[in-house]
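Just so you know, the protein sequences line up as chains W and B, in that order. With the working numbering, letter number 326 in the first sequence gets 437, and the count goes up by one each step, no holes. With the working numbering, letter number 281 in the second sequence gets 392, and the count goes up by one each step, no holes. The beta-carbon is built from N, C-alpha and C at its ideal position, and this holds for glycine as well.
2 protein chains.
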Amino acid sequence: MKSSQPTMKDVAQEAGVALGTVSKVFNGIPVGESYRAKVEDAARKLGYQVNQYARGLRAGSTSTAALILPGVSHPFFAALAQYICTALARRGYRMLLYVTASNPELEQNCVNMVRQNKVDGIIGLTYNPLVVDEDLPFVSIDRSFHPDIPCVAADNYGGGRMAAEKLMELGCGHLAFLRTGSARPGEADKRGDGFEMACRARQVPYETLRLNDGADWERFREFFRSHIKGGRLDIDGIFCSTDLMAWKIQGILEAMGFRVPEDVQLIGFDGIRRFGSEELYCSTIIQPVQKMAETSVDLLLTKDRSNIPALICLPVSYAPGGTTRE
Amino acid sequence: MKSSQPTMKDVAQEAGVALGTVSKVFNGIPVGESYRAKVEDAARKLGYQVNQYARGLRAGSTSTAALILPGVSHPFFAALAQYICTALARRGYRMLLYVTASNPELEQNCVNMVRQNKVDGIIGLTYNPLVVDEDLPFVSIDRSFHPDIPCVAADNYGGGRMAAEKLMELGCGHLAFLRTGSARPGEADKRGDGFEMACRARQVPYETLRLNDGADWERFREFFRSHIKGGRLDIDGIFCSTDLMAWKIQGILEAMGFRVPEDVQLIGFDGIRRFGSEELYCSTIIQPVQKMAETSVDLLLTKDRSNIPALICLPVSYAPGGTTRE
Chain W
112 MKSSQPTMKD VAQEAGVALG TVSKVFNGIP VGESYRAKVE DAARKLGYQV
162 NQYARGLRAG STSTAALILP GVSHPFFAAL AQYICTALAR RGYRMLLYVT
212 ASNPELEQNC VNMVRQNKVD GIIGLTYNPL VVDEDLPFVS IDRSFHPDIP
262 CVAADNYGGG RMAAEKLMEL GCGHLAFLRT GSARPGEADK RGDGFEMACR
312 ARQVPYETLR LNDGADWERF REFFRSHIKG GRLDIDGIFC STDLMAWKIQ
362 GILEAMGFRV PEDVQLIGFD GIRRFGSEEL YCSTIIQPVQ KMAETSVDLL
412 LTKDRSNIPA LICLPVSYAP GGTTRE
Chain B
112 MKSSQPTMKD VAQEAGVALG TVSKVFNGIP VGESYRAKVE DAARKLGYQV
162 NQYARGLRAG STSTAALILP GVSHPFFAAL AQYICTALAR RGYRMLLYVT
212 ASNPELEQNC VNMVRQNKVD GIIGLTYNPL VVDEDLPFVS IDRSFHPDIP
262 CVAADNYGGG RMAAEKLMEL GCGHLAFLRT GSARPGEADK RGDGFEMACR
312 ARQVPYETLR LNDGADWERF REFFRSHIKG GRLDIDGIFC STDLMAWKIQ
362 GILEAMGFRV PEDVQLIGFD GIRRFGSEEL YCSTIIQPVQ KMAETSVDLL
412 LTKDRSNIPA LICLPVSYAP GGTTRE
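See below:
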């Protein structure tokens, strides 16, 4: 049942591009996006095994990278794992997956295991400073924990600002930023910073409530109760630090008798889709997960490591998802 | 920042069990479930690196298994990947992840790559017959494609029967089974078989509509329109082949002016939770994903392969999720 192996020539013919373009794509050399898409579609269609070719070029390497994540059951992590796996495969790399449940000791154990396992590099979304071999490339996602280790993240600050500006544009005059999350500092903290800056710049009044993980949702009910004036909520636009939180806050508001988006508009952050591929949960600032994955892989496999940036923030975008008036 | 490595003795002390019990657990030898849980909790707490020990016992093995999935962005696959990764790590194995987008050629290419990569075994959720080395253990999830390759699945037949019986118990007198999915035969097809059997056994009238992937949802609207008698739907209980489908069908019914669960009750299949860990989408038959993962790993690493079953069906359970009267 084994099919005959297609060649790069077959891919070039199928894609309608020059052989050199195919070679560039398979070796991670930049070409126009439309060419790359054509070559990848053709390679997929023909079942071309990129790694056969790529491996020859990297004699001595293990052709293996490790991905360390807290887990893959949250849809953001699942999408990240899928895109990183695909981006690595395109470059001829296989991917070892490690899950840590965000436990600091497990995270260091993972890195130790990975060191023993002799991989070419690590991409990690971890919560703690880690001991990493200096000669082992490491790319961190969402957390800048060492100046020598590049961090790839969404433009969290710009996303927070975008949420505030969108709410103002949609007519909101009294905003709020609500947050739950890890007490450990991370790139995501900048969402609130960008939001507050935008409110101050336009002199629009705003409230903030930041709680750590495991927060009692009753605290948010109290917050809303304290903002009821004459039977109405005096806040008309809310930015939540994640889509999960926006979804929970929507439930709390509706249970209190307020309508979303008629009485109060809500914007989340992440761009999570139901069942991984269906509708958004809420109006939201979408993280460019695929670009984050591809950028992480590009950085990891860059040969010249003398000029690696400390932080790369990738552009986010706004999408309406039913919890705003557009 | 490297912590001193805990020993098996430390784990035994922490768990309050004998050293031999710890050894058994780390080597996959059956012990009572409560002992296993104690040892695993202690190992996790101490950050014990199981693989240090296990690797010594398996000199010559690669301590690596491959997982082949269509993707990990669907929450069912994400949960499967996470549990398999964790179960392998507990046995001292690292996991290579491959994603195939259900493309038959990519699936065979994956298997070919895995063969070249010299792993100890493969767990795969694939859609096609594959060429696999006879001496390379392979465990298939959800698809029985070869009598010599063990398949691990939920009890799909029993789940379909359970859905029908639950709807009858909740007062439904005219049932329907709706399905979309792959045209390729698979274990999931048995959901409808079990449902129909239960309806026939109790002589309760039922309808069925089975469409392949990419089906036009208009077909389901037509189906419902053809079942409106005197302004009311003459079907009062529906079993959908997946939770995703139940969620879509609920939207269609509500848009047509029918109330769920007041006018018509709905049961899905899978047990998908919003954001990977929150509420169910609908009343549903829950697949035992963690047990499926652990059973697959146990089968893969079994040394005596002379008596491997062809199919293992693990028990499902019903949970109300708002689309039934309980």
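Closest Cβ-Cβ distance between residue i and chain B: below 7 Å?
{"i": "H185 (chain W)", "result": "yes"}
{"i": "F380 (chain W)", "result": "no"}
{"i": "E216 (chain W)", "result": "yes"}
{"i": "P387 (chain W)", "result": "A quick correction: the sequence has Gly, not Pro, at residue 387 (chain W). Yes, because at least one Cβ of chain B sits closer than 7 Å to the Cβ of G387 (chain W)."}
{"i": "G203 (chain W)", "result": "no"}
{"i": "G158 (chain W)", "result": "yes"}
{"i": "L247 (chain W)", "result": "no"}
{"i": "L207 (chain W)", "result": "yes"}
{"i": "A165 (chain W)", "result": "Any reading at A165 (chain W) needs caution, since the residue's pLDDT is 38, under 50, leaving its predicted position unreliable; the model's value is listed next. False, the Cβ-Cβ gap to chain B never drops below 7 Å."}
{"i": "L168 (chain W)", "result": "Model confidence at L168 (chain W) stands at a pLDDT of 37, short of 50, so the residue's coordinates are unreliable and nothing is read from them."}
Against chain W, with Cβ distances strictly below 7 Å, would residue i count as a contact?
{"i": "V210 (chain B)", "result": "yes"}
{"i": "A265 (chain B)", "result": "no"}
{"i": "Q193 (chain B)", "result": "yes"}
{"i": "A430 (chain B)", "result": "no"}
{"i": "A189 (chain B)", "result": "yes"}
{"i": "C196 (chain B)", "result": "yes"}
{"i": "N220 (chain B)", "result": "yes"}
{"i": "G305 (chain B)", "result": "no"}
{"i": "L130 (chain B)", "result": "no"}
{"i": "G182 (chain B)", "result": "yes"}
{"i": "R330 (chain B)", "result": "no"}
{"i": "L355 (chain B)", "result": "yes"}
Which of the three DSSP states is assigned to residue i in this structure?
{"i": "G348 (chain B)", "result": "strand"}
{"i": "D291 (chain B)", "result": "In the sequence on display, residue 291 (chain B) carries Thr and not Asp. Note: T291 (chain B) maps to strand in three-state DSSP."}
{"i": "M206 (chain W)", "result": "strand"}
{"i": "F249 (chain B)", "result": "strand"}
{"i": "Q376 (chain B)", "result": "strand"}
{"i": "S174 (chain B)", "result": "coil"}
{"i": "S388 (chain W)", "result": "coil"}
{"i": "S435 (chain B)", "result": "Here the sequence assigns Thr to residue 435 (chain B), which means Ser is not the residue at that position. Residue state, collapsed to three classes: coil."}
{"i": "D300 (chain W)", "result": "helix"}
{"i": "I383 (chain W)", "result": "coil"}
{"i": "T395 (chain W)", "result": "strand"}
{"i": "L199 (chain B)", "result": "helix"}
{"i": "L217 (chain W)", "result": "helix"}
{"i": "Y164 (chain B)", "result": "Legend: pLDDT at Y164 (chain B) = 34, less than 50; position of this residue unreliable, value from coordinates given subsequently. The answer is helix: DSSP assigns Y164 (chain B) an H, G or I state."}
{"i": "P258 (chain B)", "result": "coil"}
{"i": "R416 (chain W)", "result": "coil"}
{"i": "F334 (chain W)", "result": "helix"}
{"i": "V142 (chain W)", "result": "coil"}
{"i": "V371 (chain B)", "result": "coil"}
{"i": "L191 (chain W)", "result": "helix"}
Between which two residues does the beta strand (DSSP E) harbouring residue i extend?
{"i": "C262 (chain W)", "result": "C262 to A265"}
{"i": "Y317 (chain W)", "result": "Y317 to N323"}
{"i": "L236 (chain B)", "result": "Here L236 (chain B) belongs to no beta strand (DSSP E), and DSSP marks it neither H nor E."}
{"i": "S407 (chain W)", "result": "From DSSP, S407 (chain W) is part of no beta strand (DSSP E) but of the alpha helix (DSSP H) over V400 to L412."}
{"i": "C424 (chain W)", "result": "L422 to L425"}
Would you say residue i reaches chain D, if we count a Cβ-Cβ gap shorter than 7 Å as a contact?
{"i": "M119 (chain W)", "result": "In summary, chain D is missing from the structure at hand, where the protein chains are W and B."}
Quick check on the DSSP output: the alpha helix (DSSP H) that includes residue i runs from which residue to which?
{"i": "Y429 (chain B)", "result": "Not the alpha helix (DSSP H): Y429 (chain B) falls in the beta strand (DSSP E), residues S428 to A430."}
{"i": "L364 (chain B)", "result": "D354 to A366"}
{"i": "T132 (chain B)", "result": "L130 to F137"}
{"i": "Q314 (chain B)", "result": "Unbroken run through Q314 (chain B): none, as it is neither H nor E."}
{"i": "A212 (chain B)", "result": "Run containing A212 (chain B): none; DSSP gives neither H nor E here."}
{"i": "D121 (chain B)", "result": "M119 to A126"}
What are the residues that DSSP puts in a beta bridge with residue i?
{"i": "K156 (chain W)", "result": "Its beta-bridge partners do not exist; DSSP assigns none."}
{"i": "K229 (chain W)", "result": "Looking at the DSSP assignment, K229 (chain W) forms no beta bridge with any residue, so it has no partner."}
{"i": "P340 (chain W)", "result": "Here the sequence assigns Lys to residue 340 (chain W), which means Pro is not the residue at that position. Paired residues: W:R343."}
{"i": "I179 (chain W)", "result": "W:Y209 and W:G235"}
{"i": "L286 (chain B)", "result": "B:Y317 and B:G348"}
*Counting Cβ pairs, one atom from each stretch, are 3 or more of them under 8 Å apart for the stretch 299 to 319 of chain W and the stretch 345 to 361 of chain W?*
Enough Cβ pairs lie closer than 8 Å, so yes.
*Are the stretch 272 to 280 of chain B and the stretch 319 to 336 of chain B touching, with three or more C-beta to C-beta distances below 8 Å?*
No, the stretch 272 to 280 of chain B does not touch the stretch 319 to 336 of chain B.
*Cβ contact (3+ pairs, closer than 8 Å) linking the stretch 415 to 423 of chain B and the stretch 252 to 265 of chain B*: Contact between the stretch 415 to 423 of chain B and the stretch 252 to 265 of chain B is present, with at least three C-beta pairs closer than 8 Å.
*Does the stretch 395 to 412 of chain B come close enough to the stretch 183 to 191 of chain B to have 3 or more Cβ pairs within less than 8 Å?*
The stretch 395 to 412 of chain B makes contact with the stretch 183 to 191 of chain B, as at least three CB pairs between them are under 8 Å.
_the stretch 423 to 436 of chain W touching the stretch 384 to 397 of chain W, judged by at least three CB pairs closer than 8 Å_ = Taking a cut-off of 8 Å on C-beta distances, the stretch 423 to 436 of chain W touches the stretch 384 to 397 of chain W, as three or more cross pairs fall below it.
*Taking contact to mean at least 3 C-beta pairs separated by less than 8 Å, is the stretch 142 to 153 of chain B in contact with the stretch 122 to 131 of chain B?*
With contact defined as three or more Cβ pairs closer than 8 Å, the stretch 142 to 153 of chain B and the stretch 122 to 131 of chain B are in contact.
_Sufficient close CB pairs (3 or more, under 8 Å) joining the stretch 205 to 218 of chain B to the stretch 172 to 183 of chain B_ = Because the criterion of three Cβ pairs below 8 Å is met, the stretch 205 to 218 of chain B and the stretch 172 to 183 of chain B touch.
*Does the stretch 372 to 389 of chain W come close enough to the stretch 211 to 230 of chain W to have 3 or more Cβ pairs within less than 8 Å?*
Touching, no.
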